[in-house]
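If you're matching positions, the sequence shown starts at 1 in full-length UniProt numbering and goes up one per residue. Quick reminder that beta carbons are idealized off the backbone N, C-alpha and C, glycines included. Given the structure is predicted, the values throughout are model-derived calculations rather than measurements.
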Amino acid sequence: MITPKERLFKVLKGEKVDRPPCICPGGMMNMITEEVMDITGVNWPEAHSDAGMMAGLSFGVYENGGFENFGVPFCMTIEAEAMGATVYMGTKINEPRVTNYPINYASEWDKLNNIDVSMGRAKVALEAIKILKIKNPLVPIVANLTGPVSLASSLMEPMVYYKELRRNPIEAHKFMKFVTENLITFGKAQIEAGADVLTISDPSGTGEILGPKMFREFALPYLNTIIDALKHECAGGTIIHICGRLKSIYSELKELHSNAISFDAITNVTQMVEFVDNKVIMGNVSTFALENSSQENIKSIAQNCMHSGCDILSPACGIGTKTSMDNIRSMVDAAKGYSEII
């Protein structure tokens, strides 16, 4: 009997398996719901700062028939906070967010802190990974990094950041290099702690915002630098998630060095399969539908995603905290039953 870890590993290597795995990576693509908090007795925001609680929530999703992986952390603010941003830790149903930027311009990048993985919430995430590794070694643990563009635009006002890419590209590249080096440090620490698969989520790095030229200059090389630095240490494989409409950057996506590409519900699966034909395709059940649709409709959407070519079934952009476990189980069950259909 193939284990969830073996199935995901094989798919990411491009090998044939009995059916698509159904995962939700964590990080920006949050996997935690209010219902799981109630079942486990572990709540946000406390779990963001406690390794045992963080591991307990992630384990609780799998234990209650949810996604076939563990994924921590549950936000995309750990790196920004460690580098100097002020973070509001959110509520039981709202994720942490940056409330104050440490720099005003790209040229001030040298004022930022380096990520210290031995302290703060970076250490919490690492300890949670170690706990999950012991709890069930047959379930894949997904490490999560905020993408380089998304982290950079969490360290200064985003609109100023995007202008800096055009007005001051030399300093912007220095800034991006510094950000990327720190992401490699945190990613390596997560893998050393026991993570099996690496996901980089870069919602602010979408081609819709950057356009093909700027994506090629400021997103693609830094994403690939991270993947190249970590892929040989990451046993299971690597995933990159990009939000928004991707039609304008299909050719650039083919140049990513990750095993898999994950994308928004707004992007057509069939087109991704056709135009980004060198990647494992992951996605893309609507996050909105998962929270608000019927179980039958969710099952139908999931089956359509797999039929259209998704090798890994996953929520398009994580899940809302109000999503019911019954709805999540409908999606997981669709994956588990898909081999019977094909």
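Original post:
Does the beta-carbon of Asp264 have 16 or more other beta-carbons within 10 angstroms, so that it is buried, or is it exposed?
Top reply: Residue numbering aside, residue 264 sits at position 264 when the sequence shown is read from its first letter. Counting Cβ neighbours within 10 Å, Asp264 comes out buried, since at least 16 surround it.
**OP:** Could you have a look at Met248 and say whether DSSP puts it in helix, strand or coil?
**Re:** Locating residue 248 in the sequence shown gives position 248, counting from the first residue. The amino acid occupying residue 248 in the given sequence is Ser; Met does not appear at that position. Helix.
**OP:** Check each candidate in Gly66, Leu230, Glu157 and Ile298 and name the one with the smallest Cα separation from Met31.
**Re:** For this step, residue 31 is matched to residue 31 along the sequence shown. The closest CA to that of Met31, considering only Gly66, Leu230, Glu157 and Ile298, is found on Gly66.
Subject >> Residue burial classification, Ile342 (beta-carbon count within 10 angstroms, cutoff 16) >> reply: The count along the sequence shown starts at 1 and reaches residue 342 at position 342. Because Ile342 sits at a pLDDT of 48, beneath the cut-off of 50, its placement in the model cannot be relied upon, and the point is left open.
**OP:** Indicate whether the contact test is met: 3 or more Cβ pairs, each with one atom in the stretch 242-257 and one in the stretch 268-283, closer than 8 angstroms.
**Re:** yes
Original post:
Comparing the C-beta of Ala189 with each C-beta of chain D, is any distance below 8 angstroms?
Top reply: Checking the listed chains, one finds no chain D in this structure; it contains a single protein chain.
**OP:** Quick one: measure Cβ to Cβ for Glu68 and Pro21, integer angstroms, because I've assumed they're closer than 8 angstroms.
**Re:** For the purposes of this step, residue 68 is identified with residue 68 of the sequence shown, where counting begins at 1. For the purposes of this step, residue 21 is identified with residue 21 of the sequence shown, where counting begins at 1. The Cβ separation is near 5 angstroms, so the contact holds.
Original post:
Under the rule that 16 or more other beta-carbon atoms within 10 Å means buried, what is Ala235, buried or exposed?
Top reply: Counting from 1 along the sequence shown, the entry for residue 235 is found at position 235. By the neighbour-count rule (16 or more Cβ atoms within 10 Å), Ala235 is not buried but exposed.
**OP:** Take Ser150 as the anchor and find which of Leu210, Val142 and Glu46 has the nearest alpha-carbon.
**Re:** As a first step, residue 150 must be located in the sequence shown, where it is residue number 150. Among Leu210, Val142 and Glu46, the Cα nearest to that of Ser150 is on Leu210.
Original post:
In terms of residue numbering, what span does the beta strand (DSSP E) encompassing Tyr88 cover?
Top reply: The residue you call residue 88 lines up with position 88 of the sequence shown. Counted as a single uninterrupted DSSP element, the beta strand (DSSP E) harbouring Tyr88 occupies residues Thr86 to Tyr88.
Original post:
At what residues does the alpha helix (DSSP H) containing Val72 begin and finish?
Top reply: For the purposes of this step, residue 72 is taken as the residue at position 72 of the sequence shown. That residue, Val72, is in no alpha helix (DSSP H); it is neither H nor E in DSSP.
Original post:
Whose CA, out of Ser330, Tyr88, Leu132 and Val11, lies closest to the CA of Pro45?
Top reply: Counting from 1 along the sequence shown, the entry for residue 45 is found at position 45. Per the Cα distances, Tyr88.
Original post:
Would the beta-carbon of Ser58 fall within 8 angstroms of that of Leu132?
Top reply: For the purposes of this step, residue 58 is taken as residue 58 along the sequence shown, with counting starting at 1. For the purposes of this step, residue 132 is taken as residue 132 along the sequence shown, with counting starting at 1. It is a contact, given that the beta carbons lie within the stated cut-off.
Original post:
Is the distance from the Cβ of Ile239 to the Cβ of Ser262 below 8 angstroms?
Top reply: Counting from 1 along the sequence shown, the entry for residue 239 is found at position 239. Counting from 1 along the sequence shown, the entry for residue 262 is found at position 262. Yes, the Cβ-Cβ distance between Ile239 and Ser262 is below 8 angstroms.
Original post:
With contact counted as at least three CB pairs below 8 angstroms, one residue from each stretch, are the stretch 116-128 and the stretch 186-196 in contact?
Top reply: The stretch 116-128, when compared against the stretch 186-196, does touch it at the 8 angstroms Cβ threshold.
Original post:
In this structure, what does DSSP give as the bridge partners for Leu145?
Top reply: Counting from one through the sequence shown, the residue named residue 145 turns up at place 145. Paired residue(s): Ile200.
Original post:
Run through DSSP, which three-state label would Pro315 get?
Top reply: For this step, residue 315 is matched to residue 315 along the sequence shown. DSSP places Pro315 within a strand segment (E or B) once states are collapsed to three.
Subject >> the stretch 292-300 in contact with the stretch 329-338 per 3-pair CB rule at 8 angstroms >> reply: Counting Cβ pairs under 8 angstroms, three or more are found: they touch.
**OP:** Would you mind giving the Cβ-Cβ distance between Ser314 and Gly283, rounded to the nearest angstrom? I have them listed as a contact below 8 angstroms.
**Re:** Within the sequence shown, the letter at position 314 stands for residue 314. Within the sequence shown, the letter at position 283 stands for residue 283. Between Gly283 and Ser314 the Cβ distance is about 6 angstroms, and since that is below 8 angstroms, they are a contact.
**OP:** Compute the beta-carbon to beta-carbon distance between Val36 and Val61, rounded to the nearest angstrom, for a pair I have assumed lies under 8 angstroms.
**Re:** Stepping through the sequence shown from its first residue, residue 36 is reached at position 36. Stepping through the sequence shown from its first residue, residue 61 is reached at position 61. Rounded, the Cβ-Cβ distance is 6 angstroms, consistent with contact.
**OP:** Please work out which residues of its chain come closer than 6 angstroms, Cβ to Cβ, to Asn224, disregarding the five sequence neighbours upstream and downstream, and give them in chain order.
**Re:** By one-based count along the sequence shown, residue 224 stands at place 224. Taken in chain order, the residues that qualify are His257.
Original post:
By Cβ distance, which residues of its chain are closer than 7 angstroms to Asp326, with the 5 residues on each side in sequence left out?
Top reply: Within the sequence shown, numbered from 1, the residue matching residue 326 stands at position 326. Here the set comprises Gln295.
Original post:
Hey, how far is the Cα of Tyr105 from the Cα of Gly320?
Top reply: As a working mapping, residue 105 is identified with position 105 in the sequence shown. As a working mapping, residue 320 is identified with position 320 in the sequence shown. The alpha-carbon atoms of Tyr105 and Gly320 are separated by roughly 33 angstroms.
**OP:** Evaluate Met1 with the Cβ neighbour count: other Cβ atoms within 10 Å of its Cβ, from every protein chain shown; 16 or more gives buried, anything less gives exposed.
**Re:** Locating residue 1 in the sequence shown gives position 1, counting from the first residue. Label assigned to Met1: exposed.
Original post:
Along the chain, where does the beta strand (DSSP E) that runs through Thr238 open and close?
Top reply: Looking up residue 238 in the sequence shown gives position 238. It spans Gly237 to Ile242 - the beta strand (DSSP E) in which Thr238 sits, taken as one unbroken run.
Subject >> Separation of Lys231 from Gly14, as counted between CA atoms >> reply: As a position in the sequence shown, residue 14 is number 14, starting the count at 1. As a position in the sequence shown, residue 231 is number 231, starting the count at 1. Between the alpha carbons of Gly14 and Lys231 lies a distance of about 15 angstroms.
Original post:
Between the C-alpha atoms of Thr267 and Cys317, what's the straight-line distance to the nearest angstrom?
Top reply: The residue labelled residue 267 in the question sits at position 267 within the sequence shown. The residue labelled residue 317 in the question sits at position 317 within the sequence shown. Each residue's alpha carbon lies about 12 angstroms from the other.
Subject >> Cβ-Cβ separation, Gly120 to Ala82 (assumed contact under 8 angstroms), whole Å >> reply: By one-based count along the sequence shown, residue 82 stands at place 82. By one-based count along the sequence shown, residue 120 stands at place 120. Ala82 to Gly120, Cβ: 6 angstroms. Contact.
Original post:
What are the boundary residues of the beta strand (DSSP E) that Ala260 is part of?
Top reply: Position 260 of the sequence shown, counted from the start, is the residue given in the question as residue 260. In this chain, the beta strand (DSSP E) harbouring Ala260 covers Ala260 to Phe263.
Subject >> Thr199 beta carbon less than 8 angstroms from that of Pro148 >> reply: Residue mapping note: residue 148 aligns to position 148 of the sequence shown, counting from 1. Residue mapping note: residue 199 aligns to position 199 of the sequence shown, counting from 1. No. Outside cutoff.
Original post:
Looking only at its own chain, which residues have a Cβ that is under 7 angstroms from the Cβ of Glu34, when we skip the five neighbours before and after it?
Top reply: If you number the sequence shown from 1, residue 34 lands on position 34. Around Glu34: Lys92, Ile93, Thr321 and Lys322.
**OP:** Determine the burial state of Lys5: buried for a count of at least 16 other Cβ atoms within 10 Å of its Cβ, exposed for fewer.
**Re:** As a position in the sequence shown, residue 5 is number 5, starting the count at 1. The residue is buried, with at least 16 neighbouring Cβ atoms inside 10 Å.
**OP:** Could you tell me the distance, in whole angstroms, from the CA atom of Ile141 to the CA atom of Cys75?
**Re:** In the sequence shown, counting from the first residue as 1, residue 141 sits at position 141. In the sequence shown, counting from the first residue as 1, residue 75 sits at position 75. When rounded, the distance between both Cα atoms is 16 angstroms.
**OP:** Could you spell out where the alpha helix (DSSP H) holding Ile281 opens and where it closes?
**Re:** Position 281 of the sequence shown, counted from the start, is the residue given in the question as residue 281. Looking at the DSSP string, Ile281 is not in any alpha helix (DSSP H); the run it does join, the beta strand (DSSP E), is Val280 to Val285.
Original post:
Any idea if Asp202 is buried or exposed, counting beta-carbon neighbours within 10 angstroms, 16 or more meaning buried?
Top reply: Numbered from 1 along the sequence shown, position 202 holds the residue referred to as residue 202. Buried, since its Cβ has 16 or more Cβ neighbours within 10 Å.
Original post:
Helix, strand or coil: which one does DSSP assign to Gly26?
Top reply: One-based indexing of the sequence shown puts residue 26 at position 26. In the displayed model, Gly26 falls within a strand according to three-state DSSP.
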